[in-house]
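2 protein chains.
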Amino acid sequence: MRASRASATRELILTAAERLFAEHGVFAVSNRQVSEAAEQGNNTAVGYHFGTKADLVRAIARKHSVQIEEIRQRMVAEAGADADLRAWLACLIRPTTEHLADLGNPTWYGRFAAQVTTDPTLRQIMYEESRSSPSLVRISAAINGLLPDMPDEVRAERRDMSRLLIVHMVAERERALADGTPTPRSSWQDTADGMIDALAGLWLAPVSTR
Amino acid sequence: MRASRASATRELILTAAERLFAEHGVFAVSNRQVSEAAEQGNNTAVGYHFGTKADLVRAIARKHSVQIEEIRQRMVAEAGADADLRAWLACLIRPTTEHLADLGNPTWYGRFAAQVTTDPTLRQIMYEESRSSPSLVRISAAINGLLPDMPDEVRAERRDMSRLLIVHMVAERERALADGTPTPRSSWQDTADGMIDALAGLWLAPVSTR
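Residue numbers (this note's numbering), protein chains in the order written: chain F, 36 to 245; chain L, 36 to 245.
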């Protein structure tokens with residue numbers, strides 16, 4: 036009984052924090068403000084249930100990455116032996132867009148993830164979450180095997196480009212939805228289509244030499 | 036005399052702030068810490084010379100965007116009537132990489148710009164700086180005129196992708212240089228080559244329809 040109440044409190048804090056971080060910035064919001072927004076009478080609730088700001092950020096990241104990994108493992112299992120580059124790019128992109136579509140508007144995770152990825156001290160947290168994903172390793176290897184001949188450095192560079200493009204385009208769309216400003220695509224599914232097209236072009240682009 | 040001392044103090048503050056923001060995060064660093072790092076006996080120096088955190092961020096962004104715009108205007112002037120897509124992409128990308136190469140390692144502006152672009156409250160500052168650039172408007176129109184037929188929404192989407200890819204890839208490289216970790220390319224010039232290749236592929240990628 037006590038355990039389940041603690042778990043409910045943690046969930047309230049995670050949701051309040053994610054929203055405040057997305058809307059005002061991860062560092063502009065204090066643990067006290069998160070505790071208050073989660074309607075915890077005790078304004079040290081974040082410290083009690085999570086620890087530091089970095090611990091709270093990690094808990095939010097973990098919550099979503101577990102759900103996204105589940106979708107990704109399903110998609111990877113469904114990708115047949117004849118899956119082409121676009122099919123593997125879909126495995127890379129759609130787990131995130133499908134997760135956000137499942138959550139329903141408004142979401143906050145996209146803006147949260149973009150900030151954390153860009154922050155000099157917190158970015159490590161996002162990398163640790165993705166490094167521990169077996170399905171991402173599988174997708175990365177499959178994409179690699181389908182590329183034309185190119186230097187390893189260019190592969191590494193385009194892997195960085197893909198990762199950054201996905202995380203920041205997802206945040207852009209989420210923000211536009213939250214602000215009620217126009218979006219280039221009408222659904223998360225179509226947004227994924229646009230990213231698959233663009234990243235297929237990016238990965239297959241000829242490499243010029245000096 | 037007094038004016039030139041004030042101007043030197045402003046410059047010391049801008050440099051100290053840019054570095055601290057890049058290394059620790061724009062919101063993790065207080066105006067007091069910036070004043071101290073700039074060796075101003077008076078720890079309200081930031082407030083006196085700039086105003087708020089947002090005003091300080093704008094001053095740093097302005098300082099660099101003026102210098103980048105100068106390079107960009109030169110490159111646009113040199114782009115002949117027969118300039119192709121890659122030439123215009125060079126006009127989009129090289130002013131930033133050339134500016135950073137000119138500053139010499141270490142630089143901080145790349146990481147600063149990526150954070151500001153991603154922050155929910157500060158991002159507007161970066162957009163205002165780029166919206167007021169006549170050369171960017173010219174480049175954008177030229178790229179648009181060289182694209183195959185595609186829906187306006189896809190053009191807008193790929194414009195967002197280009198912008199985000201450049202700002203975040205520049206920050207990644209700057210961080211790797213600062214940390215002494217491997218970089219895919221050995222110079223800023225080669226980094227620009229890699230982005231031109233990738234963005235040419237991205238812009239020209241076929242658009243799939245459902």
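From the three backbone atoms N, C-alpha and C, an ideal C-beta is built for every residue, glycine too.
Asked	Found
A176 (chain L) burial status per 10 Å Cβ neighbour count (16 or more: buried)	exposed
Inter-residue spacing [alpha-carbon to alpha-carbon] between D126 (chain F) and L237 (chain L)	The residue you asked about is not Asp; residue 126 (chain F) is Cys in the sequence shown. So the two alpha carbons sit approximately 19 Å from each other.
Segments of 3+ residues assigned as beta strand (DSSP E) that fall wholly inside the region 101-170 of chain F	none
Within chain L, the residues that H59 (chain F) reaches when beta carbons sit closer than 8 Å	P155 and T156
Length of the line joining the Cα atoms of T50 (chain L) and A73 (chain L)	8 Å
Proximity below 9 Å, CB of L234 (chain L) to CB of L91 (chain L)	no
The region 147-154 of chain F touching the region 148-164 of chain L, judged by at least three CB pairs closer than 8 Å	yes
Selection from L:S65, L:S100 and L:H99 that minimises the alpha carbon distance to T87 (chain L)	L:S65
Whole-angstrom distance between A38 (chain F) and R208 (chain L), CA atom to CA atom	46 Å
Within-9 Å CB hit, M196 (chain L) to chain F	yes
Against chain F: residues of the region 172-192 of chain L by CB proximity under 8 Å	E188, V189, A191 and E192
8 Å contact criterion, which A240 (chain F) and D228 (chain L) should meet: CB distance rounded	Not a contact, Cβ separation roughly 12 Å.
Local conformation of V242 (chain L) per DSSP, three classes	coil
Any C-beta of chain L under 9 Å from that of A52 (chain F)	no
Alpha-carbon to alpha-carbon, M161 (chain L) and R210 (chain L)	20 Å
V264 (chain L) versus V101 (chain F): straight-line alpha-carbon distance, rounded	This structure cannot speak to residue 264 (chain L), because chain L is shown only from 36 to 245.
Nearest candidate by alpha-carbon position, reference T44 (chain L), set L:F85, L:W143, L:A57 and L:A122	L:F85
Assigned secondary structure, M185 (chain F) (DSSP; H/G/I helix, E/B strand, else coil)	coil
Same chain, Cβ closer than 6 Å to M110 (chain F), neighbours up to 5 away in sequence not counted	C126
Cβ shell of D242 (chain F) (< 6 Å), same chain only, five flanking positions each side left out	Reading off the sequence shown, one finds Val at residue 242 (chain F), where the question assumed Asp. Counting only Cβ-Cβ distances below 6 Å, and skipping sequence neighbours, we find M185 and V189.
Min CB distance A233 (chain L) to chain F below 9 Å	yes
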